Each structure stands twice: as C-alpha cells, then as structure tokens.
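The structure under discussion appears below in the form of structure tokens.
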Amino acid sequence: MRRDVRRVAILGGGITGLSAAFYLKRLAKERGREIDVVVLEKSGRLGGKVNTLRKNGFVIERGPDSFLGRKLPMLRLARELGLLDELTGTNPQATKTYLAMDGRLQPMPKGLNLGIPNDLGAFARNSVVSPRGKLRALDELRLPPKEDDADETVGGFLERRLGREMVERVAEPLLAGIHAGNLYRLGLKATFPQFAEMERKHGSVIRGMIEARKTAPAAGAKAAEARSAAVGGAKIPPTAFLTFRNGLSTLIEALEEKLREEGAEIRLGAEVAAIARTEERGRGSAEAASAPAAAYRLTLADGSTLEADDVLLTLPGYATAELLSPHVDVGALRIDYVSVANVVFAYDAKGFNHKLDGSGFLVPHGEGRTITASTWTSSKWGHTAPAGKRLIRCYVGHADDQSAVELSDEEMTAAVRRDIRELMGLTAEPEFVEITRLRRSMPQYPVGHADRVAAFRAELASRLPGVYATGAPFDGVGLPDCVQMAKEAAERMLADEA
C-alpha cells in the first residue's frame, strides 16, 4: 500500500458499507483526490440483510423486499449505477390490504393514515374499532397538546392521544411491524417523529393528519418533481414502493462490480476483532499537518492486522459496541435487537385455492398467531413468480415473542401453514418452502435514542478522530436511510481530511 494515499477501512459489507465505499471513491475522484478503500465483511457474502434468491424462475427476497420511492437517496444511487431501467413498482391492481381480526381477514379500515384518522366520515364507518373506541379516539381533537418536548414511547403517545383500543387494534399491526417491535418500548423521536411534530404544530395528531390529507395533492406534485429531478427526468414507476426486476441484490451486485472496477479492495470472511490507535501524524497539506490525525491498526479474527488512517463501522450496534467499548462510552449502542424469520411458499396456480385479491394482510399480536403478517408476493409484485405460479411470504417473530424463530423448519412450516389455512382458507400444497432466520436483525430504538446517539458521536470524534460509525443502529432501518447515512459519512470523512 502506498503510504502517501489515505486508506479507509470500512467494516461491514451490507448496503451501508458498500454505499459508503462507493461514495468515498466517487466524491474523492470528483475532488481530484486519491483514496484507498478496503471493505471488510465478516460473512462469506455481501449485502447484509439484502439477499435475493433466484430459484426456478422465482425472485425471492430473504430480507427486505422493497424501498420507499419517495425517499430519494436510493433513486440517486440507482441512477449513478445505471440501474433505473431495472426499477419496477407494485401491481396497481393489488391495492387492497387485509387485517386479521377475530380469526378472519377483514379489509383494512379506511380513513386512516399510519393508524391515525384523517377522514372522520370513513373512520366512523370502520368496523375494526368499537363505538366506544371511536369516541375515545375522536376526543383527541379537543385534548391539549403535551407541554414539554420530552421523548416518549410510540405506544404511550398514541394511547395518550387516541386511547388504548386504537393502539391495540389499529396502530400496533400497522406500525410495530416496521421494527418488529413493541410500541410501548420504541421511542417516538427515533421512529415516528412526525406524530410529535403534528401535536406541536396543530395541537392534535388527527388535525395534523387531516391537514396533510388536504395538502396531499400539492405535496405529491412537489415530491414527484423532486423524484424526477433525482433520476434526471427518467420515467420510473409511480408506485409508493419500488424494487428491481431481478431483486434487491441487483443493487449489491452493481455496487460490488463498480467498487472492484475502481480499485476498492473487498475482503470476505474478514472479521475485525479489535481496533487500536497506533500513532499521531499530520494529514494532507502542510497547512493541515498541524492538525494531528490518528492512524489505526485493525486486528482480525485470524490474527492478521491491517492499518488504516480512517475507519468506518457500519455494523449492528452490538458489534460496533464491542469494538469501541475500550475507547468510548457505547451505552447508546446497547439497544435491543429482535430476531425474525421469513417463510416463503411457492405454488403452482393449478389447485391454488385463493384469489390473492390484494397485497396481503397484517396480524395484531392479540390474535395469538405465529405469523405477524403475510405478503401476497406474486400479486403485489408481478416480477416475482413465473406465469402460472404463485408466491406468498409470511413473517414470524416480534419483540414480545421471538420463540417461533427458533422452531425447526418442519415446526415453523406447519405453524405458518396452519395460520394461512385458518385465515385465508388456503390448503394448496407448496412446491417448495424457503425459510430465512434473521437473528438479532431489527434494532429497537428506545426513548431518548437520538440524544444518546448524538452524545456518542461527539465523544467518538473527540477520542478517536478518524473513526466513524453509521447505519441502521443510529438513524433508520429503511434502505434509503442507510444509503443516505452512508453518503453523509463519506462526505464527513472527506471533509475532516481536507
């Protein structure tokens, strides 16, 4: 390695780590600078939770299956990688979503947005919430707003504003599933800060949602304009969720190809066991030489070492905490992680006894089912199954009960099939079943998380200059969030070195 070129070690080869490596190389080149990048991935594959299986003509996601199209970082990255033509949207006919209630599937009640009433007439007609529950929810319009700005749990906020029944029957299946969490343990500011902002601005979260509905056309037009600008005017599907025709791993594969093409080093099976500070030296120009920079030695699990001028950790919070605990207070990273599993069934259309007239259904925890939700994948995403085939994905595990994740394959398959038989009436035999266990995969942001993360980052910058940490444990679990955090980390690292 040339010692006149700065080397950055990126720990983690998931979407955050690969995106950070991509932007480091891209931005350094744009600024006429040279930088060595090495990506160290513990496992034998890249992508982290992004993991597409292509089997028998099916496109099966074993992790996330899509991303929000209104979040522009993913669109910009797809454009930079030349992948815009690969984008595909949801089936416009599969708009109906169901809710499992009292042992059967009911259409998701209308007049709600994120579980908050935004059309009072439609809300009054919904059959999921009792008359008493509706009256309690509508009382929210005259409740005074919270006087202080202290963080609270999502469940506590919604119960305070809308009542317990709305939390249990509507909000919990809609919102908790995003994090596989318990709403009474998830911090509001780190998960749904828009709710607190509506209460502050409008004095009522319902009033805020109604106002958002009124301004939706103008906001939608503005968002469409921003999306068009992000993709250089290219035509992309207008649906809320997007993915790639050959699966989300398309993005990972393109990032790997581009990084190797640009000279980045990628090491698989490279687990970092320790990070040590080795020396102080000036960086960059003579003017910058007065500002010392730390150099670091990484010790890998196999005993080998690697020196780097800068280190970016894009690992789960518990893994980052283990590496940094000798140097800084890592309390902000010691958050809970929930284990989940995906069970995917592939069927032949012949003998398949359900019309799949929608995108799937959600299951409140109070229903006592093994599954928490089901996506009717081949109905929602037309590219995922060959002609004459059907594909269904079911989700297992949440913060209050992760035991089902550890069932044997046979036990899990039987339990999930029993749920879809009783809820959907589906008795068809699958052609094959794919089970993916994602242990400790869903970070649970507690009350006060954002403030603790800010304090952690400040201490890290002070005690270990040149060491950075980002990714899902910090500011969001969505794929566009991870890409945005990766780009911001790359920009920060280059700015600090200037």
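For the sequence shown, this note's numbering assigns the number -13 to the initial residue and increments by one for each residue that follows. For glycine and all other residues, C-beta sits at the position ideal for the given N, C-alpha and C. Every value quoted in this text rests on a predicted model; they were computed, and no experiment measured them.
Closest Cα partner of residue i within the set the options
i, options, result
"Ser190", "Ala123, Arg213, Ala166 and Arg150", "Ala123"
"Arg48", "Thr422, Gly3 and Met479", "Thr422"
"Asn112", "Tyr84, Glu445, Leu127 and Asp135", "Tyr84"
"Glu185", "Arg146, Gly452 and Gly167", "Arg146"
"Val453", "Lys221, Pro223 and Ile261", "Ile261"
"Ala485", "Arg193, Gly55 and Leu301", "This structure leaves residue 485 out entirely; the chain is present only between -13 and 484."
"Ala80", "Gly303, Thr361 and Ala294", "Thr361"
"Leu98", "Asp137, Leu161, Asp322 and Leu73", "Leu161"
"Gly303", "Leu286, Val324 and Ser290", "Val324"
"Pro466", "Ile(-4), Glu243, Ala(-5) and Gly0", "Gly0"
"Glu154", "Ala220, Asp134 and Gly354", "Gly354"
"Ala359", "Pro159, Ile252 and Ile46", "Pro159"
"Ser365", "Ala335, Ser448 and Asn168", "Ala335"
"Glu477", "Ser5, Glu183 and Ala400", "Ser5"
"Val36", "Pro416, Ile(-4), Glu239 and Leu319", "Glu239"
"Gly(-2)", "Glu20, Gly18 and Gly34", "Gly34"
"Met479", "Leu299, Thr76, Ser116 and Asn328", "Leu299"
"Val(-9)", "Ile252, Leu237 and Asp22", "Asp22"
"Thr76", "Val258, Glu243 and Pro224", "Pro224"
"Tyr9", "Glu242, Phe109 and Leu319", "Glu242"
"Ala441", "Ala385, Glu392 and Val316", "Val316"
Residue i in three-state terms, based on DSSP
i, result
"Ile164", "helix"
"Pro459", "helix"
"Leu292", "strand"
"Tyr431", "coil"
"Tyr84", "strand"
"Phe53", "strand"
"Val330", "strand"
"Tyr304", "helix"
"Ser5", "helix"
"Leu10", "helix"
"Leu234", "coil"
"Gly107", "helix"
"His351", "helix"
"Val114", "coil"
"Phe178", "coil"
"Glu477", "helix"
"Glu415", "coil"
"Asp467", "helix"
"Phe44", "strand"
"Thr76", "coil"
"Ser325", "strand"
"Val(-6)", "strand"
"Thr399", "helix"
"Phe338", "coil"
"Asp22", "strand"
"Leu489", "The shown model of the chain, from -13 to 484, leaves out residue 489, and the question about it has no answer."
"Ile102", "strand"
"Val485", "With the chain covering only -13 through 484, there is no way to say anything about residue 485."
Chain D contact for residue i (CB, 8 Å cutoff)
i, result
"Thr83", "Annotation note: the requested chain D is absent from the structure, which comprises a single protein chain."
Inter-residue Cα distance where the pair is residue i and residue j
i, j, result
"Asn42", "Asn232", "13 Å"
"Arg246", "Met152", "51 Å"
"Ser389", "Asp395", "13 Å"
"Arg267", "Leu284", "Confidence at Arg267 is low in this model, with a pLDDT of 46, below 50, so the placement of that residue should be treated as unreliable; the coordinate-derived value is given next. C-alpha separation (whole angstroms): 18 Å."
"His342", "Val382", "In the sequence on display, residue 342 carries Leu and not His. Taking the straight line joining both Cα atoms gives about 20 Å."
"Ile222", "Phe44", "23 Å"
"Lys28", "Cys380", "28 Å"
"Val565", "Val326", "This structure does not reach residue 565, given that the chain is present from -13 up to 484, and the question cannot be answered."
"Ala7", "Val24", "8 Å"
"Thr2", "Gly344", "32 Å"
"Met398", "Val469", "33 Å"
"Ala(-5)", "Glu257", "12 Å"
"Val217", "Asp51", "21 Å"
Residue i CB to nearest heavy atom of the ligand SAM below 7 Å
i, result
"Pro131", "What this structure holds is no ligand at all, so the ligand SAM is not there to describe."
Whole-Å CB distance - residue i paired with residue j, under 8 Å assumed
i, j, result
"Asn104", "Ala207", "Their Cβ separation, rounded to whole angstroms, is 19 Å, which puts Asn104 and Ala207 out of contact at 8 Å."
"Leu58", "Arg213", "7 Å"
"Ala458", "Pro432", "Not quite, the Cβ-Cβ distance comes to about 15 Å (not below 8 Å), so this is no contact."
"Ser165", "Thr177", "What sits at residue 165 in the sequence shown is His, not Ser. The Cβ separation is near 7 Å, so the contact holds."
"Asn328", "Thr413", "The pair is not a contact, with the Cβ atoms about 22 Å apart (cut-off 8 Å)."
"Arg253", "Tyr282", "Not a contact, Cβ separation roughly 16 Å."
DSSP beta-bridge partners of residue i
i, result
"Gln92", "Leu85"
"Arg283", "Ala262 and Glu293"
"Gly173", "Thr139"
"Gly346", "Thr83 and Thr361"
"Gly33", "Gly0"
"His384", "Asp387"
"Leu121", "Its beta-bridge partners do not exist; DSSP assigns none."
"Glu27", "Leu254"
"Thr502", "Not covered by the structure: residue 502. The range shown for the chain is -13 to 484."
"Leu490", "With the chain running from -13 to 484 in the structure shown, residue 490 is simply not present."
"Thr356", "Partner(s): none; Thr356 has no beta bridge."
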